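Okay, structure first, notes after.
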Amino acid sequence: MKVSTLLGLLPGTVIASDVLSVAFWAKEKNQLYDFISTNNEIDYGCRPVVIPADGEHKVHAVISEEQLSDLKRSLDPDIVRVETLHNINKRQTATAPIGKGDRFKGGKVAPRGLGTRKPSEYAGLQAAGIFNADEVYTAMKGLQKEYGMTLFTPPHKTFEGNTVIGGVANKAEKIKKDKQYIYFTSGIHARERGGPDNLIYFISDLLYANKHRKGLTYGNKKYSNKDVKTALGAGIVFIPMTNPDGVRYDQANSNLWRKNRNPKSARPNEPLSVGVDLNRNFDFMWNFTKYFDPSVSPASTNASSQAFYGTAPFSEPETRNMVWVYDEYPKIRWFIDVHSAAGTLLYSWGDDVDQSYDRKQNLFNPAYDGKRGIVDDEVYKEYIDQEDWDNVALQANLTTAAMEAVGGREYVPQQAVGLYPTSGASDDYSFSRWHKNKKVNKVYGYTMEFGYPTNFYPTSEEYIQNIIDTNAGFMEFILTAERIGLEG
Ligand SMILES: [Zn+2]
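Just so we're aligned: the sequence shown equals residues -16 to -1, 1 to 472 in mature numbering (1 follows the signal peptide of the UniProt record, and there is no 0).
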């Protein structure tokens, strides 16, 4: 089955077939596990997330019409059946528009979030659409101008020569690099629209509410001005768009582009072989064929795959920029990489099931090379200290509870491995740093998956709901981090 059948989405090419949002259903989790193992080049989104539903289990995916007809021929519907949810090409006409021009006027105008506005004002934000890539930069400059927010530029330029922009939000006037404890990133998977907006609107809310002595309201969830000051006091380092080349490409072509635009491994006449899946490029069991059982595919060595891992750990400027932040702000303790679209908050580990009884079963022990990643076996499970496990799970539970309390949709906290392992992901890399080198800070790393399964391009209503959901989640995450502990 060729991934290149997805080429139908590229404008200017012959439309081979439409692209469909589907769910694969099975009674038992194992049946879906077997299905994913044998169909690992299917686009399951950021990672295959299995969701219990109606007494069964399902996993969402994006496939072409050709893939669907192949699967219909080969699948036994008594074991795994496929349900078509909608046609993504047709649905694209109903998705939120990308903003035109520059609503922040080169940085003269600061963005203002939803938490300090009345719901009647949301319609204007909805109509203005998703931030275009240029507006991400001018929004950040607007926050600098209005509130004196500190901006920074990580050192590595992207393949297309773009710089990445970051900010530090803190109630202190002078930013001390060793007093920032929270780290948020978004936009690593280009097509996950609205991720940068979620982060920028949240920081805008905090800075506005701090300046004007207000609290924040997200649906049914309210936070006081004291909460706002506590959150800013924790010090938030953030990069709203870690993959600007990919975002520009996706916004220009609406082709569900996920990777960056590095052509180093590209092959002639294979447009999908451009780019690296940045969330498989981190130095966490990157060389997966060495670490994992041969039957699992936590990433891909195929340049045309959505999960192509690159040419070396940290081969990409975008991932090196994300890690540079840990050296620059050495006390960061809590990290979220924001993704869509699933409705979960994932905590470590992502390579195998957590266990706290056998320290020898750990990612650095070569005795277990070639044995990791089979979720249902007893051969290997990943060691996590019980106190860390309690902390990361409590945080996930409280954050998703707040995301639900706004009154929108369900969010499920779960261990990142879920049903299927990943390698080279930002959340696991962040948590593994201290395990490798006890001189660096211990970081609890998370992946937040906002939105609705496979709706990488939200409708205008979903776009607004996603901001409300994630912003309540970010707020709860920081307040919970403060209660559990900001110092390692
Ligand atoms: Zn993603």
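Glycine residues also receive a C-beta, built at the ideal position from the N, C-alpha and C atoms. Note that the structure is predicted; figures quoted are calculated from it, not measured.
Let me know the secondary structure DSSP gives Lys89 once reduced to three states. helix
For Asp342, is the classification buried or exposed, using 16 other Cβ atoms within 10 angstroms of its Cβ as the cut-off for buried? exposed
Between the CA atoms of Asp234 and Asp369 - distance to the nearest angstrom: 40 Å
For Gln76, which residues from the same chain have a beta carbon less than 7 Å from its beta carbon, with the 5 sequence-adjacent residues on both sides left out? Ser238, Tyr441
So does Asn194 have its beta carbon nearer than 7 Å to some heavy atom of ligand 1? no
To the nearest angstrom, how far is it from the Cα of Ala94 to the Cα of Asn194? 15 Å
If Ile452 sits next to Gly392, beta carbons under 8 Å apart, how far is it from one beta carbon to the other, in whole angstroms? 6 Å
Taking one C-beta from the stretch 323 to 336 and one from the stretch 293 to 307 each time, how about it: are there three or more such pairs within less than 8 Å? no
Please name the residue, chosen from Glu388, Asn381, Arg317, that lies closest to Ser414 on a Cα-to-Cα basis. Arg317
Tell me which residue opens and which closes the beta strand (DSSP E) that Glu433 is part of. 428 to 434
Could you give the distance in angstroms between the alpha-carbon of Leu(-11) and the alpha-carbon of Ile187? The pLDDT assigned to Leu(-11) is 43, lower than 50, so where the model puts this residue is not dependable; a value taken from the coordinates is nonetheless given after this. The straight-line gap from Cα to Cα measures roughly 36 Å.
Hey, would you say Ser407 sits closer than 8 Å to Phe292, going by beta carbons? no
Rounded straight-line distance, which links the Cα of Asn265 to that of Glu460: 29 Å
Check whether the stretch 243 to 251 touches the stretch 267 to 275, counting contact only when three or more Cβ pairs, one atom from each stretch, lie closer than 8 Å. no
What did DSSP end up calling Phe298 once you bin it into helix, strand or coil? coil
In chain order, what residues of the same chain lie with their CB nearer than 7 Å to the CB of Asp181, ignoring the 5 residues before and after it? Ile114, Phe115, Ile451
CA-CA distance, Pro247 and Gly259? 6 Å
Does the stretch 429 to 437 come close enough to the stretch 358 to 368 that 3 or more CB-CB pairs lie under 8 Å? no
Start and end of the alpha helix (DSSP H) containing Arg232? 228 to 237
In its own chain, which residues sit with a C-beta less than 6 Å from the C-beta of Glu312, not counting the 5 before and 5 after it? none
Inter-stretch contact (C-beta, 8 Å, three-pair minimum) for the stretch 203 to 215 and the stretch 386 to 406: yes
For Gly39, count neighbouring Cβ atoms within 10 angstroms of its own Cβ and tell me buried if that reaches 16, exposed if not. exposed
Suppose only complete runs of 3+ residues qualify. What are the beta strand (DSSP E) ranges in the stretch 56 to 119, listed by chain order? 65 to 71
Ala283 versus Glu466 - alpha carbon distance: 34 Å
Using three-state DSSP, classify Leu470 as helix, strand or coil. coil
For Gly179 versus Ser58, is the C-beta spacing smaller than 8 Å? no
Given this structure, state the Cα-to-Cα distance separating Val280 from Ala10, to the nearest angstrom. 19 Å
Boundaries of the beta strand (DSSP E) in which Lys13 is found, first to last residue: That residue, Lys13, is in no beta strand (DSSP E); its alpha helix (DSSP H) goes 13 to 22.
What does the alpha-carbon distance come out to for the pair Leu16 and Ile149? 40 Å
Of the choices Asp118, Glu130, Phe88, whose alpha-carbon is the least far from that of Met225? Asp118
Is Glu302 near ligand 1, going by C-beta to nearest heavy atom under 7 Å? no
Can you tell me the Cα-Cα spacing of Ala380 and Arg87, whole angstroms? 35 Å
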